[in-house]
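A short worksheet on the structure shown next.
2 protein chains.
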Amino acid sequence: MKFLKLASLDQVYSEYFHRVKPIDETLEVPTLESLGFVCAEDVLASQNLPGFDKSLVDGYAVRSKDTIGASTNFPVMLRVAFEVKVGEEPKRAINENEAAWVATGAMLPEGANAVVMVEHTQRFDEYVEVMKPVAVGENVLRMDEDVRKNELVLAKGERIKPGHLQLLLQLGVERLKVFRRAKVGVISTGDEIVEPFVEKKSLVQVRDSNGYGLVAWLRSLHFEANRVGLCRDDEDELFRTLRSRFDEYDVLVVSGGSSIGARDFTEAAINRLGKPGVLFHGILIQPGKPTVLAIVNGKPVVGLPGNPVSFTISAKFVLIPILRKLENEKDFLFKPSGMVKLTRNVYSRQGREQFIRVKLLVRHGQVWAEPLESETAQVSNLVKAEGVIRVPPDVEGLYEGELAEFYPLWLGW
Amino acid sequence: MKFLKLASLDQVYSEYFHRVKPIDETLEVPTLESLGFVCAEDVLASQNLPGFDKSLVDGYAVRSKDTIGASTNFPVMLRVAFEVKVGEEPKRAINENEAAWVATGAMLPEGANAVVMVEHTQRFDEYVEVMKPVAVGENVLRMDEDVRKNELVLAKGERIKPGHLQLLLQLGVERLKVFRRAKVGVISTGDEIVEPFVEKKSLVQVRDSNGYGLVAWLRSLHFEANRVGLCRDDEDELFRTLRSRFDEYDVLVVSGGSSIGARDFTEAAINRLGKPGVLFHGILIQPGKPTVLAIVNGKPVVGLPGNPVSFTISAKFVLIPILRKLENEKDFLFKPSGMVKLTRNVYSRQGREQFIRVKLLVRHGQVWAEPLESETAQVSNLVKAEGVIRVPPDVEGLYEGELAEFYPLWLGW
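Residue numbers (full-length UniProt numbering), protein chains in the order written: chain P, 1 to 413; chain F, 1 to 413.
In structure tokens, the structure reads:
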């Protein structure tokens, strides 16, 4: 049952994530307020889109076969029977050798199956000369070409993005069933840690930036998050705090102090909470190694390292994917948002997955990544970084000019 | 004064953006609620960080010169004078041939200038054998190595990210001066457009997805946005709506209908509002060409195309950068988030900047982009796209396997 060992990120993603049970509570929200929630039902289209054969250009709706052989020298002459405005239904069908003027977006009259662009016609009062033949369907968006009735337009487990809204609104979907948001309680620990806005009594005290910073970050990603306590490096105090908050939250996060005993306190306190307790301590990532992963009575409890950079990398690649899985997101792992070329060689220890903070530079249409100084203890270069590149565990490093996977640091999904 | 012509995106970014005057109103917000605002002041560090010489490892703080010549066979013996816990100030300085036990994160005592990792020592009661020499500064983060007092930590014009919060909290910055958010009023137009949740009277009616979708998207990016009206394709009605909302908003957006006269109505209505009026109609981008850009009495008024895909591309690459500039963001244009390899050839019309919707695939550590069907009229593949690749205006297309710039579609900054 227990995996008290250093695990690779892949092992964590399979063995630990396997035990993270998604929330099953759902709620109904107005579609207009559904952005960022994970959809809890398959939404099928209630109608075709556009719902009618629609002209993609300004021109003349015609029967394709009436235009066969048309050319500049031998145009085909058709009678313009009527005009169809956007937002109007055509007055009637068109007959042989008739055409109807249609604007972009207008509905084709019955009988018409193509549109001749206005550029390929010449108008003479109630007649139009067509100088180019059109094939069936040319310049037409068929009634079900965008969306077919009963087609799946939003699947259970997808996080709702602005593009989904556009589609759902076109279909008149007024309310949506979504999974409720994951609730995260963040407990900061460490004898050296003080609240951020108090006068420091000693220069060795450190203001709690990790706990509050994480809460603001998670909220910006649509999760419910609260900073629920600050504990000394004391097993009893941490245990009591965890226990008092346990029922309120879906995940408890212990933001670690940096003292040597901090991890032991954290593990002991978590293990007193319930079974199975700590499953992984230490992940083969750099920075972020001293991450503790537990399951207590079915709920994830996560210990994040105290160092601000390790903290951030571990939150990004371990904690946030846990929250995404909890909220039932199908694809809960981050994908790289592209590749970048390295401005210089980077070295890595084999056997560890390394994440190197970088700044992006765009030069002659190529995206370059400038690795920042790699001292993990520095919070200042966390601010300069736009994201990280990944050095896989099985390589010793990457060369200048080589392509690396890039992950934006702060953005969601 | 007027540029009534088709302009390239670069021209728009220089000639039009030049006339977009940033908002000068500021407000003070608690640092904890500042995420997403643009900072309105240069923030200088009020103290050094970490503020004291800090051990980066568990081990013994020593005077570097006392360890000269130390080796496994000939270790140097030092007296362990005391221990420094994390969050404590050292009891006293260390003297010649003394060491102090320090945990990771603990403060070095005066006299010490390096730390020997515990792995390179052997402890015998109050003595420790050092088996490796350490250089001055080894395993130490100097008191001002992370942040130097009076260093610029957040500049005016930067959008505040979670990383900034971590740094500001460590420095005890409680409140921040920020620029107020840009207010955007969105007016939908089009004879065919109806409110999204009404029963359609005719199958040619189209529910307004662009207006409401844009508002939700802009809000998710921290802007203030409201849908303020729905107008017929009627110059007077649009003019009256624009005029009645003009003072309330920093930018008015006219979400266009698709009828052939819609752009003319929009331009005429905008020009009646004030000077200089419409400056650009039409941008050399595909999709997104029928974009109208005006300045009226110093305020931007933007007409977006009615087609949902054109609408989205134009909002992403024109409207949102305008809002970013209005909010005083220094780098207001989107940068690609990396490069992607194309799974197949894409063709483009020279002279236009083309944005092709793609889905990302990660294969063997490489990020590939699968171009989606390019029918601009389809809202359904807007949902499938994770972003767009850019085909520069001076090329005819890109080949399978070639690298292209990738821009995520929905994410901010």
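We put the beta carbon where it would ideally sit given N, CA and C, even for glycine.
Quantities reported herein were computed from a predicted structural model and do not represent experimental measurements.
Are the CB atoms of residue i and residue j nearer to each other than 8 Å?
i: Pro290 of chain P; j: Gln350 of chain P; result: no
i: Val130 of chain P; j: Thr31 of chain P; result: no
i: Phe52 of chain F; j: Leu203 of chain P; result: yes
i: Leu218 of chain P; j: Arg243 of chain P; result: no
i: Leu361 of chain F; j: Glu370 of chain F; result: yes
i: Glu25 of chain F; j: Arg180 of chain F; result: yes
i: residue 430 of chain F; j: Ile320 of chain F; result: With chain F running from 1 to 413 in the structure shown, residue 430 of chain F is simply not present.
i: Lys325 of chain P; j: Phe334 of chain P; result: no
i: Ala61 of chain P; j: Ala99 of chain P; result: yes
i: Asp146 of chain P; j: Leu56 of chain P; result: no
i: Ala70 of chain P; j: Lys132 of chain P; result: yes
i: Ile23 of chain F; j: Ala182 of chain F; result: yes
i: Ile94 of chain P; j: Ala114 of chain P; result: no
i: Val80 of chain P; j: Val128 of chain P; result: yes
i: Leu230 of chain F; j: Thr266 of chain F; result: no
i: Gln378 of chain P; j: Val309 of chain P; result: yes
i: Met339 of chain F; j: Leu252 of chain F; result: no
i: Val391 of chain F; j: Gln354 of chain F; result: yes
So residue i is in the alpha helix (DSSP H); what residue range does that whole segment cover?
i: Pro321 of chain P; result: Ile320 to Leu326
i: Pro162 of chain P; result: Pro162 to Gln170
i: Asn210 of chain F; result: Asn210 to Ser220
i: Leu27 of chain F; result: First-last for Leu27 of chain F: Thr26 to Pro30, but that is the beta strand (DSSP E), not the alpha helix (DSSP H).
i: residue 414 of chain F; result: Residue 414 of chain F cannot be examined here, being either before or after the span of chain F that is shown, 1 to 413.
i: Glu396 of chain F; result: Here Glu396 of chain F belongs to no alpha helix (DSSP H), and DSSP marks it neither H nor E.
i: Ala61 of chain F; result: Per DSSP, Ala61 of chain F belongs to no alpha helix (DSSP H); it is in the beta strand (DSSP E), Gly59 to Val62.
i: Asn271 of chain P; result: Ala262 to Leu273
i: Thr67 of chain F; result: Taken as a continuous stretch (DSSP letters only), Thr67 of chain F belongs to no alpha helix (DSSP H), as it is neither H nor E.
Residue i: buried (16+ other C-beta within 10 angstroms of its C-beta) or exposed?
i: Phe124 of chain P; result: exposed
i: Thr72 of chain P; result: exposed
i: Gln170 of chain P; result: buried
i: Tyr399 of chain F; result: exposed
i: Val337 of chain F; result: Strictly speaking, residue 337 of chain F in this sequence is Ser, with Val absent from that position. With 16 or more Cβ atoms within 10 Å of its Cβ, Ser337 of chain F is classed as buried.
i: Gly213 of chain P; result: buried
i: Ser14 of chain P; result: exposed
i: Gln286 of chain F; result: buried
i: Lys330 of chain F; result: exposed
i: Val395 of chain P; result: exposed
i: Asn297 of chain F; result: exposed
i: Leu200 of chain P; result: Correcting the residue identity first, residue 200 of chain P is Lys in this sequence and not Leu. Result: exposed.
i: Arg363 of chain P; result: exposed
i: Glu327 of chain P; result: buried
i: Leu152 of chain F; result: exposed
Grab the span of the beta strand (DSSP E) containing residue i for me, first residue to last.
i: Ala404 of chain F; result: Leu403 to Pro408
i: Val147 of chain P; result: Where Val147 of chain P is concerned, there is no enclosing beta strand (DSSP E), given that its DSSP letter is neither H nor E.
i: Ile389 of chain P; result: Gly387 to Val391
i: Val128 of chain F; result: Tyr127 to Val130
i: Leu293 of chain P; result: Val292 to Val296
Please list, in chain order, all residues of the same chain as residue i whose beta carbon is under 7 Å from its beta carbon, the five residues on each side excluded.
i: Gln366 of chain P; result: Lys341
i: Ser314 of chain F; result: Gly288, Thr291, Leu304 and Pro305
i: Val215 of chain P; result: Val186, Ala225, Asn226 and Arg227
i: Lys2 of chain F; result: Residue placement at Lys2 of chain F cannot be trusted, given a pLDDT of 49 that sits under 50; the coordinates are not used to answer.
i: Arg344 of chain F; result: Pro371 and Glu400
Excluding the five sequence neighbours on either side, which residues of its own chain have a C-beta within less than 6 Å of the C-beta of residue i, listed in chain order?
i: Ile322 of chain F; result: Val20 and Pro300
i: Leu6 of chain F; result: Gly282 and Leu284
i: Glu158 of chain P; result: Cys39
i: Gly211 of chain P; result: Val186, Ser188, Arg227 and Ser255
i: Ala262 of chain F; result: Asp233 and Gly256
i: Val86 of chain P; result: Ala103, Gly105 and Ala106
I'd like to confirm something about residue i: is its beta-carbon nearer than 7 Å to some heavy atom of the ligand ATP, or not?
i: Gly36 of chain P; result: The ligand content of the structure shown is nil, which means the ligand ATP is not present either.
Within its chain, find whatever has a CB closer than 8 Å to the CB of residue i; leave out the 5 residues flanking it on each side and keep chain order.
i: Val12 of chain P; result: Phe280, Ile283, Leu293 and Val318
i: Glu28 of chain P; result: Arg175, Leu176, Lys177 and Val178
i: Ile160 of chain F; result: Ser34, Leu35, Gly36, Phe37, Val38, Cys39, Leu154, Leu176 and Val178
i: Glu96 of chain P; result: Arg63 and Asp66
i: Asp10 of chain P; result: none
Cβ pair count under 8 Å reaching 3, the segment 399-408 of chain P against the segment 263-281 of chain F: no
Is the segment 151-170 of chain F touching the segment 131-141 of chain F, taking contact as three or more C-beta pairs under 8 Å? no
Determine contact between the segment 25-45 of chain F and the segment 191-199 of chain F, defined as no fewer than three beta-carbon pairs at a distance below 8 Å. no
Kindly confirm or deny that the segment 107-124 of chain P and the segment 85-96 of chain P touch, where touching means at least three C-beta pairs closer than 8 Å. yes
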